[in-house]
Each structure stands twice: as structure tokens, then as C-alpha cells.
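One structure is given here, and the rest of the page talks about it.
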Amino acid sequence: MNSLDSLTACKAGMPCVVVDYEIAQKIASYWENTENPIVKVSPTMTVVGDGVLSPRVASFSSRGPSPLYPGILKPDITAPGVSILAAVRGSYVLFSGTSMACPHVSAVTALLKSIHPDWSPAMIKSAIVTTASVTDGFGAPIEAETVPRKVADPFDFGGGHIDPDRASDPGLVYNMDAREYNKFFNCTIGLLHGCESYQLNLNLPSIAIPDLKDHVTVQRTITNVGAVGTTYHAVLEAPAGVVMSVEPSMITFAKGSSTSMTFRVSFTTRRRVQGGFTFGSLTWSDGNTHSVRIPVAVRTVIQDFVADTS
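In terms of my numbering, the sequence shown opens at residue 4 and continues consecutively.
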């Protein structure tokens, strides 16, 4: 049973035990192959501490890619949203869904704005996305609840699981102003022409290439919000089947220099195979405090007419 099913079943007023698909298969096998199967029912208890494998992406969490704008990587971030203790009139209840995850992100946004009142919305979003965690409490990759269960990718959790402490001091941010958003919206409704590359070069803290046929170069600009004189080195994790490079691969924000630097990321197909999206990342690291990571999604396309965007 997945998380969405369990939310419905256990609210029906009947005793229930919720297990995932893999455990259900083991139970069925035990039942079928044991002459006298034994079931032990214990009182309800809450498991906390080191024994809890979390976070995990819930089965009902919205997934990417965006069918309308596959060049914009979605989702952006993941946050706690399953069985969250919430206040209702006269009582408390456990709720799940986007309505629970969104308040967590909203609260982190408010905290960041109080710490950095001069930051733009894009800077706050960048800080949240680029500092998110992609590992669970044991240091293993975050898993996604699917059938079968798998390691989560950017279409499951975007940049990863939100980390408020790290977001307060990101080191670098990807900033945009209202004019860039307006140009993007005008492109989507046909008011501007020649917008093919604009979506790919929108200064977002992510990169998505939905139709890599041979070679594509995209551009991003980072702004230093950390210490002056810091040097960052690019650390690349190329998507499978793709050669990925960045120029320049080292950036220094020296005293008296500009606080913003532009870099270019190039993608080249390693093999001519039509397939689905593969994933990677680009991280700017100062080797000490800051590790500024953005997710990357690339799909190699040979023929447009057999490509899908959903």
C-alpha cells in the first residue's frame, strides 16, 4: 500500500496495518508457503530516533517533468508533508499533502527574509534549492516511494530536501529580477519571438535540457553573498550518456571585483540513443563551508516526432 492509499484506509475507522508493496509481497509469500502462518499484533507505537529512514519522497508527491515547459526543471524542492501535526478548531490532527509541505517552505522563506531583508524572491528560492539535502539521516541517497522503490532524482524532489540552516548561508545565489520573469511569460504566450534559447538560459538554480540532439550550451550567473575573496571550484556530475563541461571551472570573488560572475555549461551527447531523461548536478564548492548545488536533467533526442515531454 502506498502513502496515499494508507491515508484513506486508516481514516475509515477500521483496524489496519499499512505496509509498502515490497513488504506486502513478502507477507503474501509467507502466507502461501507456510502451513500454519502466525501473525502477532502489538499495540500502536511511534518509532523515533536513529531507526527511522527519513526523509523519503511520498508516493503521492507531484513529479516532473513539466509537460508544458520541460526546459524548466520541476519540482524545485521537497519538504515535510506526510502525517504533519496540524491545528484545527478545538483539536489537532495529522494531515498530509502539499498543504502541509508548503507551510514549511513558507516559514523558511520568512526566516530567510528576516535574516536577509535585501534579498529578492529569486535569491531566497536559490538559497533553498542549492543548499537542499539529497541524502537521508544515514547518509544514503534519499529514496522515492514508487513501485519498485528507487533512489530519488530531480523529478522527484528538485534540489532535494529543504535545509533551513544551510539556506541561511548559501555562499552563492542565482538571482533574477521581474524583467526576466516578464520576458519568459511573454515568450510562453507568444508575445515575443526567438525565445527558443531563453527558457534554457533563464537564471534558475537548475538546468533542464529536454531535447539534446548534439551540443547545447547554457548560461548562468551567480552572485556572491558570502565572504569576499572566496574561490569556488566547479564539481560536475554528468548525466549518463552526456559529456558535461563548465567554463570557467574556477571563480574568485576578489576584493573590489564584481559580486556576480557568469559561466557557461556545455552538454554533448556521448551516444546517439533516443531515451528518457538522465540526471546529474553542478556544484560550486569553496572546499570548506559552502557547497552550492543545482540539479541537472538532460534527455537525448534524435527525432522530434518520437519525443515525449511528460
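Each residue gets a CB set at the ideal place from its N, CA and C atoms; glycine is no exception.
Beta-carbon proximity list for residue i, same chain, < 6 Å, skipping 5 on both sides
i      : result
THR316 : Absent from the structure is residue 316, since the part of the chain shown begins at 4 and ends at 313.
LYS153 : ALA147
LEU195 : ASN189
SER1   : The question about residue 1 has no answer here: the residues shown for the chain are numbered 4 through 313.
MET126 : VAL176 and ASN178
ALA214 : According to the sequence as given, residue 214 is Asp; it is not Ala. For ASP214, where only same-chain residues beyond five positions count, the Cβ hits under 6 Å are VAL304.
ASP289 : THR233 and TYR235
THR224 : ASN206, SER263 and THR265
THR314 : Outside the shown range of the chain, which is 4 to 313, sits residue 314, and nothing can be said about it.
PRO120 : none
From the options, residue whose alpha carbon lies closest to that of residue i
i      : options                           : result
THR226 : MET264, ALA125 and THR292         : MET264
HIS218 : LEU239, SER248 and THR234         : SER248
VAL299 : PHE256, ILE192, ILE212 and ALA82  : ILE212
LEU97  : SER86, ALA104 and HIS107          : SER86
ARG274 : SER288, LYS258, ILE131 and PRO242 : PRO242
GLY84  : GLU183, ALA90 and CYS105          : CYS105
PHE280 : PHE158, HIS119, TYR24 and ASN36   : PHE158
ALA237 : MET48, GLY140, LEU285 and GLN222  : LEU285
LEU203 : PRO73, ILE297, PRO40 and ASN36    : PRO73
VAL150 : ARG302, TYR24 and ILE118          : TYR24
GLY100 : THR81, VAL245, GLY93 and PHE256   : THR81
ALA61  : HIS293, PHE160 and THR292         : PHE160
CYS19  : TYR33, PRO46 and GLU38            : PRO46
GLY278 : ARG302, THR272 and SER260         : ARG302
ASP156 : SER32, VAL51 and SER65            : SER65
ILE192 : VAL44, TYR33 and LEU71            : LEU71
VAL245 : ILE254, THR255 and VAL276         : VAL276
SER102 : PHE63, SER123, VAL42 and PRO124   : PHE63
Supposed contact pair residue j and residue i - C-beta distance, whole angstroms, cut 8 Å
i      : j      : result
TYR177 : ASN206 : 5 Å
LYS128 : ASP79  : 7 Å
LYS258 : VAL231 : 5 Å
LYS186 : TYR201 : 7 Å
PRO208 : GLY142 : Not quite, the Cβ-Cβ distance comes to about 23 Å (not below 8 Å), so this is no contact.
GLY67  : LEU56  : Not a contact, Cβ separation roughly 24 Å.
ILE297 : ILE210 : 7 Å
GLN222 : ARG267 : 5 Å
ASP139 : PRO58  : 6 Å
GLY283 : GLU240 : 4 Å
Identified DSSP bridge partners for residue i
i      : result
HIS287 : Contrary to the premise, residue 287 reads as Trp rather than His in this sequence. ALA237 and VAL295, per the DSSP bridge assignment.
LYS153 : ALA147
ILE254 : TYR235
ARG59  : GLU146
ARG267 : GLN222 and GLU250
PHE282 : ALA300
ILE165 : In the DSSP output, where bridge partners are listed per residue, ILE165 has none listed.
ILE87  : PHE98
THR37  : According to DSSP, which records beta bridges pairwise, THR37 is partnered with nothing at all.
THR272 : VAL245
Chain-order list of residues whose beta-carbon lies under 7 Å from that of residue i (same chain, five-residue window excluded)
i      : result
SER109 : none
VAL137 : PRO144, ILE145 and GLY163
VAL295 : THR133, PRO173, GLY174, LEU175, THR286 and TRP287
HIS107 : ALA82, PRO83 and ILE165
LEU114 : PRO167
ILE118 : SER171
MET48  : none
SER69  : ILE75 and LYS77
Same chain, Cβ closer than 8 Å to residue i, neighbours up to 5 away in sequence not counted
i      : result
TYR95  : LEU88 and ALA89
VAL252 : Looking at the sequence itself, residue 252 is Ser, so the reference to Val does not match. Cβ neighbours of SER252 beyond the five flanking positions: HIS236 and ALA237.
ASP34  : The residue asked about is misnamed: residue 34 is Trp in this sequence, not Asp. The answer, listed in chain order, is PRO40.
SER123 : ASN178, MET179 and ASP180
**Item:** Whole alpha helix (DSSP H) elements within the region 194 to 248, 4-residue minimum
**Value:** 201 to 204
**Whole beta strand (DSSP E) elements within the region 93 to 142, 3-residue minimum** = 94 to 98
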